Amino acid sequence: MAPSSATSVFISRIRGLPVLDGAGDQAGKVRDVVIQRRAAGRPPRVKGLVVESFAKHRIFVPMAWITRVDAVQVVITGPVNTRRFERRESEMLVIDDLFDLTVQRLDQPGPAVIFDVAMRSVRSHDWVLSEVALREVVKASRFARRGHTAIVDWSEVDMLRVEHAQGTEQLIAAMEDMKPADVARELHDMSPERRTEIASALDDGRLADALEELPEDEQVALITVLDTDRAADVLEEMDRDDAADLIAELAPELAEILLARMEPEDAKDVRRLLNYAEFTAGGMMTPEPLVLPPDATVAEALARVRDAELTPALACMVYVCRSPLETPTGRFIGAVHFQRLLREPPSTLVSSLLDSDLEPLTAAANLHEVSRYFATYNLVNAPVIDAEHRLIGAVTVDDVLDHVLPEDWRGTQLDSQSAVSPAAGREVSRGQG
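Just so we're aligned, residue 1 is where the sequence shown starts under the working numbering, counting upward by one.
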């Protein structure tokens with residue numbers, strides 16, 4: 001495979017670069033790059049940057065916050081978490097762990113030393129290791145010379161493909177490519193001790209996704225054994241309604257501690273959801289639907305719908321509201337179905353495409369009313385308004401099903417999946433002891 005240096009970023013070239021926030025203020029300097037191994041020969045995923053702040057301690061900046069990397073600076077968005085960076089068991093650092101490491105190329109004999117590693121973006125906010133810069137190791141002789149250098153694809157270096165004995169590191173690598181429900185199944189089948197060990201090593205986002213698929217009692221058991229700062233980070237990664245449901249099951253003292261450790265905006269959303277009864281539209285909704293102003297066009301709406309961070313259920317409906325556009329919004333004007341957007345010219349205003357037959361739910365609507373509403377309108381996403389006719393959230397069909405199905409449905413489903421496919425479970429869990 002030919003190298004793709006033109007689209008790759010070599011780590012040595014960004015080391016020491018200033019990291020600027022959205023306002024142009026310097027947050028620190030790049031010191032290293034955090035990666036995570038993946039199974040089945042796939043390139044390691046780049047999780048984020050280690051940045052040295054002006055307080056002379058190192059913090060972690062996830063790749064999702066990085067908007068630009070060039071020859072003179074790295075630009076980020078989002079709040080900077082000033083908590084000290086601590087490497088987890090499943091992670092490696094490119095500069096600390098890979099630079100100057102002696103490895104073997106697969107296409108020729110003899111050892112070589114890594115002197116640089118490149119990464120590239122494969123899609124928005126998703127980066128992987130792409131290439132390795134190597135220098136040939138030359139045996140000492142009376143005629144000293146430097147070894148030849150070469151840039152090769154990461155897969156051509158044996159060190160990056162070596163298989164370790166099955167254990168926590170390999171299990172975490174395998175989970176990197178699993179769907180959240182499959183990760184939840186693996187956690188569900190483990191002993192409590194092993195579950196805690198694996199959860200501690202999992203990436204925050206991966207653990208948050210898996211928690212949402214676990215039975216409530218296992219969610220509570222896991223979140224309570226995590227360090228409070230880590231637990232707060234994981235809750236921030238969860239969907240707001242799922243985080244609120246989990247916090248509602250915790251002891252009040254612990255719930256308040258975790259809410260205090262969360263980012264203020266995240267905690268504010270969760271606290272607002274906790275004000276509603278569980279089996280009401282307000283208790284089931286997410287406070288982050290897709291909201292646009294009346295003068296937005298179809299092209300703008302479709303650009304928002306394409307956001308990979310949106311779930312399919314949330315992406316199928318666009319809500320039009322007066323400013324402010326964060327929930328609780330200004331006055332709710334109406335809703336536009338995704339299919340309608342696909343049928344209209346890009347310059348059309350979304351406010352001209354409203355579904356006039358769709359009446360919003362109130363926050364106090366009970367589960368029976370919400371279920372009938374979804375069946376009547378054939379929806380997967382429904383608006384929820386308050387007494388001032390402001391949009392405060394949206395209920396999705398999966399939220400409704402969570403409340404309609406028996407309380408232990410997640411545990412029953414996970415047990416049945418393990419029974420149907422025991423070989424798959426044994427393959428991943430072979431080293432669990």
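A virtual CB, placed ideally from N, CA and C, is assigned to each residue, including glycine. Bear in mind that the values here come from a model prediction, so they are computed numbers and not experimental data.
Less than 8 Å separating the beta-carbons of I59 and V80? Looking up residue 59 in the sequence shown gives position 59. Looking up residue 80 in the sequence shown gives position 80. Yes, they are a contact pair.
Comparing C-alpha positions only, which one of A133, E89, Q108, D70 sits nearest to L441? Summary: the structure shown does not reach residue 441, with the chain confined to residues 1 through 433, and so no result is reported for it.
Please go through the same chain and pick out, in chain order, the residues whose beta-carbon is closer than 6 Å to the beta-carbon of F143, but skip the five residues on each side of it. For the purposes of this step, residue 143 is taken as the residue at position 143 of the sequence shown. Bear in mind that a pLDDT of 47 at F143, under 50, signals an unreliable position, so the number given afterwards is only what the model happens to contain. Closer than 6 Å at Cβ, skipping near neighbours: no residue.
Once the 5 residues before and after S121 are set aside, which same chain residues still bring their CB inside 7 Å of it? Residue 121 sits at position 121 when you count from the first residue of the sequence shown. Counting only Cβ-Cβ distances below 7 Å, and skipping sequence neighbours, we find W127.
Please classify H434: is it buried, with 16 or more other beta-carbons within 10 angstroms of its beta-carbon, or exposed? In the structure displayed, the chain extends from 1 to 433; residue 434 sits before or after that span and is not available.
Could you tell me which uninterrupted alpha helix (DSSP H) segments, each at least 4 residues in length, are contained entirely in the region 319 to 365, listed from first to last along the chain? Counting only runs of 4 or more, we get 338 to 343.
By alpha-carbon positions, which one of P43, Q219, P287, D209 ends up nearest to V395? In the sequence shown, residue 395 corresponds to position 395, counting from 1. Looking at the Cα atoms, P287 is the closest of the given residues.
Kindly list the residues whose CB is nearer than 7 Å to the CB of E216, restricted to its own chain and excluding five residues on each side of it in sequence; keep chain order. Here residue 216 refers to the residue found at position 216 when the sequence shown is read from its first residue. Excluding sequence neighbours, E216 sits near E249.
Judging by CA-CA distance, which residue of H403, V305, I198, T297 is the nearest neighbour of A281? As a first step, residue 281 must be located in the sequence shown, where it is residue number 281. Looking at the Cα atoms, H403 is the closest of the given residues.
Since I believe I11 is in contact with V117 (beta carbons under 8 Å), could you give me their beta-carbon distance rounded to a whole number of angstroms? As a working note, residue 117 is residue 117 in the sequence shown. As a working note, residue 11 is residue 11 in the sequence shown. Taking a contact as a CB-CB distance under 8 Å, the pair V117 and I11 counts as one, their CB atoms being some 5 Å apart.
Assign T67 to one of two classes, buried (16 or more other C-beta atoms within 10 Å of its C-beta) or exposed (fewer than that). Locating residue 67 in the sequence shown gives position 67, counting from the first residue. Answer is exposed; the Cβ neighbour count stays below 16.
Which one of D177, A181, L222 has the shortest CA to CA distance from A210? For the purposes of this step, residue 210 is taken as the residue at position 210 of the sequence shown. Of the listed residues, the one whose Cα sits closest to A210 is A181.
Burial state of A55 (16 or more Cβ within 10 Å): Counting from one through the sequence shown, the residue named residue 55 turns up at place 55. In the assembly as shown, A55 is an exposed residue. Its beta-carbon has fewer than 16 other beta-carbons within 10 Å.
Report the residue ranges of all beta strand (DSSP E) runs contained in full by the region 256 to 323; include only those spanning at least 3 residues, in chain order. Runs found: 317 to 321.
Per-residue DSSP class, three states only, for S130: Translated into the one-based positions of the sequence shown, residue 130 becomes position 130. Strand at S130.
Do the CB positions of G283 and L290 come within less than 8 Å of each other? One-based indexing of the sequence shown puts residue 283 at position 283. One-based indexing of the sequence shown puts residue 290 at position 290. Against a cut-off of 8 Å, the Cβ pair of L290 and G283 comes out as no contact.
Determine which residues share a DSSP beta bridge with K29 and list them. Here the question's residue 29 lines up with position 29 in the sequence shown. Bridge partners of K29: P18, E52.
Do P360 and V397 have their C-beta atoms closer together than 8 Å? For this step, residue 360 is matched to residue 360 along the sequence shown. For this step, residue 397 is matched to residue 397 along the sequence shown. Pairing P360 with V397 gives a Cβ-Cβ distance that is not under 8 Å.
CA-to-CA distance, V380 to A313, given in whole angstroms: The residue you call residue 313 lines up with position 313 of the sequence shown. The residue you call residue 380 lines up with position 380 of the sequence shown. About 6 Å.
Between which two residues does the beta strand (DSSP E) holding E213 run? Here residue 213 corresponds to residue number 213 of the sequence shown, with the count starting at 1. Following the DSSP letters along the chain, one finds E213 in no beta strand (DSSP E), marked with neither H nor E.
Start and end residues, alpha helix (DSSP H) containing T376: On the sequence shown, position 376 is the one that residue 376 refers to. Here the alpha helix (DSSP H) through T376 covers 367 to 377.
What does the alpha-carbon distance come out to for the pair T362 and L302? Numbered from its first residue, the sequence shown carries residue 362 at position 362. Numbered from its first residue, the sequence shown carries residue 302 at position 302. Pairing T362 with L302, the inter-Cα distance amounts to about 27 Å.
What is the residue span of the alpha helix (DSSP H) that E236 lies within? Walking along the sequence shown from the start, residue 236 turns up at place 236. Per DSSP, E236 belongs to the alpha helix (DSSP H) from 228 to 237.
What do you reckon, are the CB atoms on V318 and L342 nearer than 8 Å? Here residue 318 corresponds to residue number 318 of the sequence shown, with the count starting at 1. Here residue 342 corresponds to residue number 342 of the sequence shown, with the count starting at 1. Contact flag unset, no.
Residues bridged to M92 by DSSP? Position 92 of the sequence shown, counting from 1, holds the residue named residue 92. Answer is I35, bridged to M92.
Please classify S124 as buried or exposed, where buried requires at least 16 neighbouring CB atoms within 10 angstroms. Residue mapping note: residue 124 aligns to position 124 of the sequence shown, counting from 1. The Cβ neighbour count for S124, taken over all protein chains shown within 10 Å, is under 16; the residue is labelled exposed.
From R195 to L401, what distance separates their C-alpha atoms? On the sequence shown, residue 195 is found 195 positions in, with the first residue counted as 1. On the sequence shown, residue 401 is found 401 positions in, with the first residue counted as 1. One C-alpha to the other measures close to 27 Å.
Buried or exposed: which applies to Q219, given that a residue is buried once 16 or more other Cβ atoms fall within 10 Å of its Cβ? One-based indexing of the sequence shown puts residue 219 at position 219. The residue in question, Q219, is buried, as its Cβ has 16 or more Cβ neighbours within 10 Å.
Can you look up P111 in the DSSP assignment and give me helix, strand or coil? Taking the first residue of the sequence shown as position 1, residue 111 is located at position 111. Note: P111 maps to strand in three-state DSSP.
Can the beta-carbon of D239 be found closer than 8 Å to that of E212? Reading the sequence shown from its first residue, position 239 is the one you call residue 239. Reading the sequence shown from its first residue, position 212 is the one you call residue 212. In terms of Cβ geometry, D239 and E212 form a close pair [threshold 8 Å].
Rounded to whole angstroms, what's the CA-CA distance from V72 to R135? Just pull it up for me. By one-based count along the sequence shown, residue 72 stands at place 72. By one-based count along the sequence shown, residue 135 stands at place 135. Straight-line measurement puts the Cα of R135 at about 26 Å from the Cα of V72.
For the alpha helix (DSSP H) holding V397, just list the boundary residues, first then last. The count along the sequence shown starts at 1 and reaches residue 397 at position 397. In the DSSP assignment, V397 falls within the unbroken alpha helix (DSSP H) covering 397 to 404.
Beta-bridge partners of G393, as assigned by DSSP: For the purposes of this step, residue 393 is taken as the residue at position 393 of the sequence shown. BP columns for G393 point to V384.
Status (buried if at least 16 other CB within 10 Å, exposed otherwise) for V138: Position 138 of the sequence shown, counted from the first residue, corresponds to residue 138. V138 comes out exposed.
Identify whether S121 lies in helix, strand or coil by the three-state DSSP scheme. Locating residue 121 in the sequence shown gives position 121, counting from the first residue. In the three-state DSSP reduction, S121 falls in the strand class (E or B).
Whole-number beta carbon distance between L259 and T228, since they are thought to touch under 8 Å: Residue 228 sits at position 228 when you count from the first residue of the sequence shown. Residue 259 sits at position 259 when you count from the first residue of the sequence shown. Taking a contact as a CB-CB distance under 8 Å, the pair T228 and L259 does not count as one, their CB atoms being some 11 Å apart.
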